[in-house]
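In the numbering used here, the protein residues as written are 71 to 468. C-beta atoms are modelled at their ideal positions from N, C-alpha and C, and glycine is treated no differently. Values in this document were obtained by computation on a predicted structure and should not be read as measured data. Before any comments, here is the structure.
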Amino acid sequence: MDFSLTEEQRAWQMKARKFADEEIRPISLKREQIEDPKLTWDWEIIKKGSKLGFRTLAVPKEWGGHGADFVSQGLVMAELSRADCAIGKAFSQNWKWSHLISSVCSDDQKKRFLTKFLEDDTFVMGKGITEPNAGGDNRLPPPDFPKSGFRLHAERKGDEWILNGEKCFIANGGVGKLFFLDARTDPNVGIKSGTTMFMVPADTPGFRFGKQFNKSGWRFYMNAELIFENARVPDANRVGEVNGGVKKGTDDTTGGDLFGDLELAAHALGVCDNACDMAMKHVKTAMKGGKTLTNQQWVQLKLNRMFMLTEALRSFVMRIAWEHDAKVHSQNPGLAMNFSCDTIQDVTRLGVELMGGANGRMSAAADKLARDAVIWTHLGGDSVLRMRYARRIIAAHK
Ligand SMILES: Cc1cc2nc3c(=O)[nH]c(=O)nc-3n(C[C@H](O)[C@H](O)[C@H](O)COP(=O)(O)OP(=O)(O)OC[C@H]3O[C@@H](n4cnc5c(N)ncnc54)[C@H](O)[C@@H]3O)c2cc1C
């Protein structure tokens, strides 16, 4: 297997590293210490990163984007997250939906939305699936049971759809300009067969942002409620067939769905790198028992575990990115995501342990990493629901 990077991949990695070191790192801790969750966001960093291509990285070249391959995307995510994973995620959140627009939207929708997205440095996007009573329940509902899963309802009236209901925890809620929404268009069947996906611009009549969630980790990243009160969405903004929504979101073989697992694993890698750097710097100078911590065997064992897990995650991330590019579809993305959740939590906890009690303060950089790491527990389902990959692996080996 050839692990070397092409010139283009290396160039994206270096560009991201420079931006992360010079622009993200100096503001990271300051922004996340702001108490009001509505104020942690900073448009200046988004605009600067956008001008360097980090917002539009995944849009195919034929539509005017950078068309970066998945290996480059993985490298950039890890580099940005080495400085701050919440800021890194604010950029890559858009790549997920550019994959979706490029692969499943009509040419008219691509023209209307991709053009605006490419032109405007402040155009960020999100997708609403989760609702107050439907998070994990969307991913592991009893099959075809109409009462499980999300309830946001869409009813057709002429050339429009009328949406009523709410979504919660939605990325870029409060700042986004376009949202993909999963809505029930047939409430009498389960979500797999009764859902339609819509593209809903933030200025849609009847649509507004609700509460902003005050999270302990990923504080820069916005998560808000989306409220729909007779919101009117033109049929021209429907993505795919009526009642074909969940299928559209998950059967996208160009990488849109698989991308979610790669994304979270690559961001976790950046956080682990940061935790290793931070711990190494500390133990080289901290004196205990008359010698530096690096000379204590138990410290070496902990450092060894941090670096070993981080390098294993790097191999996993790069392999699934390479598999995406080579269009080799396997169970690996889901497994890498699960591995990244365990790894980031182990590595950041060991980092806090090595750096002493003072680093358990809310204002300490090591503490921020540990708080960010906890967020992985509830992403794309929780760590228990994600074990459904085990079922797929068992099925594949029959
Ligand atoms: C930082 C952050 C960003 C997010 N961004 C988005 C976003 O952009 N868009 C979006 O739509 N969502 C988003 N979410 C929501 C996320 O996807 C959900 O939190 C996640 O799916 C878990 O759902 P829940 O929080 O409702 O937990 P629950 O589903 O209530 O889980 C609680 C427990 O119940 C169990 N459980 C739930 N359902 C079942 C079932 N059917 N069978 C057996 N056990 C079950 C789970 O295993 C878990 O242990 C985000 C969440 C966070 C923390």
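Could you tell me the distance, in whole angstroms, from the CA atom of S177 to the CA atom of K217?
First, the residue type needs correcting, since residue 177 is Asp and not Ser in the sequence shown. One C-alpha to the other measures close to 35 Å.
Under a Cβ-count criterion, where at least 16 other Cβ atoms within 10 Å of its own Cβ denotes burial, should E114 be classed as buried or exposed?
exposed
Would you mind listing the alpha helix (DSSP H) stretches within the stretch 311–373 that are 4+ residues and don't spill past its ends, in chain order?
315–320, 326–355
Rounded separation between F35 and K166 - CA only:
Nothing about residue 35 can be reported from this structure: the residues present for the chain run from 71 to 468 only.
Tell me which same chain residues have a C-beta within less than 7 Å of the C-beta of W384, skipping the five on either side of it?
For clarity, residue 384 is Arg in the given sequence; the question names Trp instead. Hits under 7 Å: L339.
Between W510 and ligand 1, is the CB less than 7 Å from at least one heavy atom?
Here the chain comprises residues numbered 71 to 468, so residue 510 is not present and cannot be evaluated.
Measuring straight from C-alpha to C-alpha, what distance separates G246 and A160?
10 Å
Where do the ends of the alpha helix (DSSP H) carrying K237 lie?
Run containing K237: none in the alpha helix (DSSP H); it sits in the beta strand (DSSP E), 230–241.
I'd like to know whether the C-beta atoms of M388 and V141 end up nearer to each other than 8 Å.
yes
Measuring CB to CB, does D139 end up less than 8 Å from D395?
yes
Sort out for me which residues DSSP pairs T76 with in a bridge.
None, per the DSSP bridge assignment.
What is the rounded straight-line gap between the Cα of D229 and the Cα of A306?
8 Å
Just the Cα atoms here: how many angstroms apart are K438 and N242?
21 Å
Take D416 as the anchor and find which of G427, R375, L363 has the nearest alpha-carbon.
R375
Chain-order list of residues whose beta-carbon lies under 6 Å from that of N408 (same chain, five-residue window excluded)
R456
Using the C-alpha atoms, what's the distance from G430 back to T355?
19 Å
Can you pull the DSSP bridge partners for K197?
F250
Three or more beta-carbon pairs under 8 Å between the stretch 85–103 and the stretch 273–290, yes or no?
yes
Please tell me whether, using a cut-off of 7 Å, the distance from the CB of G450 to the nearest non-hydrogen atom of ligand 1 is below it.
yes
Taking the continuous beta strand (DSSP E) assigned at V303, which residues delimit it?
293–304
Answer yes or no: do A148 and I94 have a C-beta to C-beta separation smaller than 8 Å?
no
Just verifying my parser: in three-state terms, what is the DSSP assignment at A272?
coil
Expressed to the nearest angstrom, what Euclidean distance is found between the alpha-carbon atoms of A382 and F73?
14 Å
Around the Cβ of P107, are there at least 16 other Cβ atoms within 10 angstroms (buried) or fewer (exposed)?
buried
Kindly indicate which three-state DSSP category T266 falls into: helix, strand or coil?
strand
Report whether the distance from the Cβ of W111 to the nearest heavy atom of ligand 1 is below 7 Å.
no
Could you check whether I157 and S98 sit closer than 8 Å to each other, using their CB atoms as the reference points?
yes
Does K22 pass the burial test, meaning 16 or more other C-beta atoms within 10 Å, or should it be called exposed?
Past the boundaries of the shown model lies residue 22; the chain is included only from 71 to 468, so the question cannot be answered.
Neighbourhood of G448 by C-beta, 8 Å cutoff - its chain only, sequence neighbours within 5 removed
Note that residue 448 is His in the sequence shown, not Gly. The answer, listed in chain order, is G205.
How about T265 and G315: do their beta carbons lie closer than 8 Å?
yes
Below 7 Å CB to CB, which residues in the same chain sit around N344 once its five sequence neighbours on both sides are set aside?
R152, L439
Span separating the alpha-carbon of M357 from that of M425
12 Å
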